[in-house]
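Written out below as C-alpha cells is the structure these notes cover.
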Amino acid sequence: MGRRNETNRLEHKKKTDQKKKREQKAEKLRKNKLKEIIKMNNASNEAQTE
1 MGRRNETNRL
11 EHKKKTDQKK
21 KREQKAEKLR
31 KNKLKEIIKM
41 NNASNEAQTE
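Position one of the sequence shown corresponds to residue 1 (the UniProt record's numbering), numbered consecutively onward.
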C-alpha cells in the first residue's frame, strides 16, 4: 500500500460524494420542471374542456 493511501481514499470519496450530490440535484431540478409542465398542461386542458 502507498504511504498516502488514506488521503487518496478520502480525496476519492470526496469527489464521488460531490458527483452524487450534483446528480441528485440535477435529477431533482428535472423532476420539478416536469411537474410544472404537467401542472400547466392540466390547467390548460381543464380550461379547454369548460
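Heads up, the beta-carbon is just placed ideally off N, CA and C, and yes, glycines get one too.
Asked	Found
What does the alpha-carbon distance come out to for the pair Thr16 and Lys35?	29 Å
Once the 5 residues before and after Ala47 are set aside, which same chain residues still bring their CB inside 8 Å of it?	none
Run through DSSP, which three-state label would Arg4 get?	coil
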